[in-house]
Amino acid sequence: MTSDTNDSSVLTHRHTWDAIPWIVNGTASPADRAMADEHLRTCADCRDDLAFQSLVHAGMNVTTAAMHDGKPALDRLFARIDAESKNERNFATDTLSNETSYANNPLHDWHAPSRHKWTRYRARLLAAIVAAQTVGLVLLGVLLLRQEHQPNSSARYETLSEASIPAGPATIRFVPVPSLTVGAMQAMLADAKLRIVESNQGSSIYGLAPEPNAQSGLAEDASMARAASTTMAVARLRNQPGVLLVEPIVSPSVAPR
Numbered sequence: 001m002t003s004d005t006n007d008s009s010v011l012t013h014r015h016t017w018d019a020i021p022w023i024v025n026g027t028a029s030p031a032d033r034a035m036a037d038e039h040l041r042t043c044a045d046c047r048d049d050l051a052f053q054s055l056v057h058a059g060m061n062v063t064t065a066a067m068h069d070g071k072p073a074l075d076r077l078f079a080r081i082d083a084e085s086k087n088e089r090n091f092a093t094d095t096l097s098n099e100t101s102y103a104n105n106p107l108h109d110w111h112a113p114s115r116h117k118w119t120r121y122r123a124r125l126l127a128a129i130v131a132a133q134t135v136g137l138v139l140l141g142v143l144l145l146r147q148e149h150q151p152n153s154s155a156r157y158e159t160l161s162e163a164s165i166p167a168g169p170a171t172i173r174f175v176p177v178p179s180l181t182v183g184a185m186q187a188m189l190a191d192a193k194l195r196i197v198e199s200n201q202g203s204s205i206y207g208l209a210p211e212p213n214a215q216s217g218l219a220e221d222a223s224m225a226r227a228a229s230t231t232m233a234v235a236r237l238r239n240q241p242g243v244l245l246v247e248p249i250v251s252p253s254v255a256p257r
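The numbers in UniProt numbering rise by one with no breaks, and the one at position 170 of the sequence shown is 170.
Okay, here's the thing in structure tokens:
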């Protein structure tokens, strides 16, 4: 009789332990809930696990949007910069009026106070400019971080057992506008079936080559296929906004004599 009671207690403990996640998220059946309530009165281990999983479930439901929302802080900073700029403009107007009154009075040396006030004005203006540049750098860093974590829909899936196909030498010289974002340039090159194979030190001039899979089926001869792909890509890029220069790079082997 004692053995049967122990076996039943073990089964109840195991069943309650397995049912705790469903009890926490509210999907447990009434029978499981009633059995668990009865068992939790005498089992400290199950009570501890129920409390822990309840804390985890509550933490998962807490929104984390406020942690990443920097707009209120930026709004306060911009408001402070605007207020400082307004105060500086008023200060400059008052300084000009004072200098005029000093100039009309030969008994006052108005050069010294005007130089002192102008130095203070420039110092405050420089601080405002530095603050604005800092905000710009922070925003740029956030944008680049988001673009880095965004999945590239045009990326080609490759397995470890699959050899990567080289793109070959550059056939197009490409110069984008400085304001073109990395994401926009990647989308533009993916649409034209091109990839970057070289660039200058300042990353302002790029050498592009057609994607290896973009050259198949255009012509039987490899050089003709590459030339046709380059011509099509150049025409497509020239119709895109944000492009300063795009021109084919003539290979020495096919240059006119």
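Cβ atoms here follow ideal geometry from the backbone N, Cα and C, with glycine treated the same way.
* Asked: So what does DSSP say about isoleucine 20, is it helix, strand or coil?
  -> Counting from 1 along the sequence shown, the entry for residue 20 is found at position 20. Here isoleucine 20 sits in helix by DSSP.
* What whole-angstrom Cβ distance do proline 30 and glutamine 53 have, given they're in contact under 8 Å? -> The residue given as residue 30 occupies position 30 in the sequence shown. The residue given as residue 53 occupies position 53 in the sequence shown. For a cut-off of 8 Å, the C-beta gap from proline 30 to glutamine 53 is around 20 Å, too long to register as a contact.
* **Straight-line gap, threonine 230 to glycine 141 (C-alpha atoms, nearest Å)** => Counting from 1 along the sequence shown, the entry for residue 230 is found at position 230. Counting from 1 along the sequence shown, the entry for residue 141 is found at position 141. Their backbone Cα atoms lie some 34 Å apart in a straight line.
* To do: Out of Val175, Arg226 and Leu180, point me to the one whose CA is closest to tyrosine 206's CA.
  => Against the sequence shown, residue 206 aligns to sequence position 206. Measuring from the Cα of tyrosine 206, the nearest candidate turns out to be Val175.
* Starting from the Cα of valine 234, find the closest Cα among Ala131, Leu74, Leu194 and His39 and give me that residue. => Looking up residue 234 in the sequence shown gives position 234. The candidate whose alpha carbon is nearest that of valine 234 is Leu194.
* Asked: Cα-Cα, which of Gln240, Glu38 and Leu125 is closest to lysine 86?
  -> On the sequence shown, position 86 is the one that residue 86 refers to. Closest option to lysine 86, Cα to Cα, is Leu125.
* Asked: If you draw a straight line from the C-alpha of histidine 39 to the C-alpha of threonine 12, how long is it?
  -> Here the question's residue 39 lines up with position 39 in the sequence shown. Here the question's residue 12 lines up with position 12 in the sequence shown. Note on geometry: alpha-carbon atoms of histidine 39 and threonine 12 lie some 7 Å from one another.
* Start and end of the alpha helix (DSSP H) containing proline 210? -> Within the sequence shown, residue 210 is the residue found at index 210, counting from 1. Where proline 210 is concerned, there is no enclosing alpha helix (DSSP H), although the beta strand (DSSP E) it sits in stretches over 206 to 210.
* To do: Round the Cβ separation of alanine 131 and leucine 77 to the nearest angstrom and send it over; I've been treating them as touching at under 8 Å.
  => Here residue 131 corresponds to residue number 131 of the sequence shown, with the count starting at 1. Here residue 77 corresponds to residue number 77 of the sequence shown, with the count starting at 1. The Cβ separation is near 7 Å, so the contact holds.
* Limits of the alpha helix (DSSP H) - the one that serine 29 falls within -> Looking up residue 29 in the sequence shown gives position 29. No residue range can be given for serine 29, since it is assigned to no alpha helix (DSSP H) and is classified by DSSP as neither H nor E.
* To do: Locate the beta strand (DSSP E) running through serine 199, then write down its first and last residues.
  => Taking the first residue of the sequence shown as position 1, residue 199 is located at position 199. Segment 194 to 199, the beta strand (DSSP E) holding serine 199.
* **For leucine 143, three-class secondary structure by DSSP** => Numbered from its first residue, the sequence shown carries residue 143 at position 143. Leucine 143 falls in the helix class under three-state DSSP.
* Is methionine 1 helix, strand or coil when you go by DSSP? -> Counting from 1 along the sequence shown, the entry for residue 1 is found at position 1. Note that methionine 1 has pLDDT 48, beneath the 50 cutoff, so the model's placement of it is unreliable and the number below is only indicative. Methionine 1 falls in the coil class under three-state DSSP.
* Asked: In its own chain, which residues sit with a C-beta less than 7 Å from the C-beta of glycine 242, not counting the 5 before and 5 after it?
  -> Along the sequence shown, one-based indexing puts residue 242 at 242. Counting only Cβ-Cβ distances below 7 Å, and skipping sequence neighbours, we find Pro176, Val177, Leu180 and Ala184.
* alpha helix (DSSP H) segment containing arginine 47, residue limits -> Start at 1 with the first residue of the sequence shown, and residue 47 comes out as number 47. Where arginine 47 is concerned, the enclosing alpha helix (DSSP H) stretches over 44 to 60.
* **Whole-angstrom distance between glycine 26 and aspartate 45, CA atom to CA atom** => Here residue 45 refers to the residue found at position 45 when the sequence shown is read from its first residue. Here residue 26 refers to the residue found at position 26 when the sequence shown is read from its first residue. Using only the alpha carbons, I get a separation of about 20 Å.
* Buried or exposed: alanine 36, going by 16 or more other Cβ atoms within 10 Å of its Cβ? -> Counted from its first residue, the sequence shown places residue 36 at position 36. When all chains shown are included, alanine 36 counts as buried.
* **Beta-carbon proximity list for arginine 236, same chain, < 8 Å, skipping 5 on both sides** => Taking the first residue of the sequence shown as 1, we reach residue 236 at position 236. Taken in chain order, the residues that qualify are Asp191 and Ala192.
* Using the beta-carbon count (16 or more within 10 Å), is leucine 107 buried or exposed? -> As a working note, residue 107 is residue 107 in the sequence shown. With a pLDDT of 49 at leucine 107, under the threshold of 50, the modelled position of this residue cannot be trusted; read the value that follows with caution. Exposed is the call here.
* State buried or exposed for methionine 224, treating a residue as buried only when at least 16 other CB atoms are found within 10 Å of its CB. => In the sequence shown, counting from the first residue as 1, residue 224 sits at position 224. Residue burial is scored here from C-beta neighbours: methionine 224 has fewer than 16 other C-beta atoms within 10 angstroms and is therefore classed as exposed.
* **Cutoff 7 Å; reference valine 135; Cβ partners in own chain excluding five residues on either side** => On the sequence shown, residue 135 is found 135 positions in, with the first residue counted as 1. Counting only Cβ-Cβ distances below 7 Å, and skipping sequence neighbours, we find Leu74 and Leu77.
* To do: Return the CA-CA distance between alanine 19 and histidine 57, expressed in angstroms with no decimal places.
  => Within the sequence shown, numbered from 1, the residue matching residue 19 stands at position 19. Within the sequence shown, numbered from 1, the residue matching residue 57 stands at position 57. Between the alpha carbons of alanine 19 and histidine 57 lies a gap of roughly 15 Å.
* Asked: Between the C-alpha atoms of serine 203 and alanine 79, what's the straight-line distance to the nearest angstrom?
  -> Counting from one through the sequence shown, the residue named residue 203 turns up at place 203. Counting from one through the sequence shown, the residue named residue 79 turns up at place 79. In a straight line, the C-alpha of serine 203 is about 36 Å away from that of alanine 79.
* To the nearest angstrom, how far is it from the Cα of arginine 89 to the Cα of valine 182? -> Here residue 89 is taken as the residue at index 89 of the sequence shown, counted from 1. Here residue 182 is taken as the residue at index 182 of the sequence shown, counted from 1. Arginine 89 and valine 182: Cα-Cα distance of roughly 38 Å.
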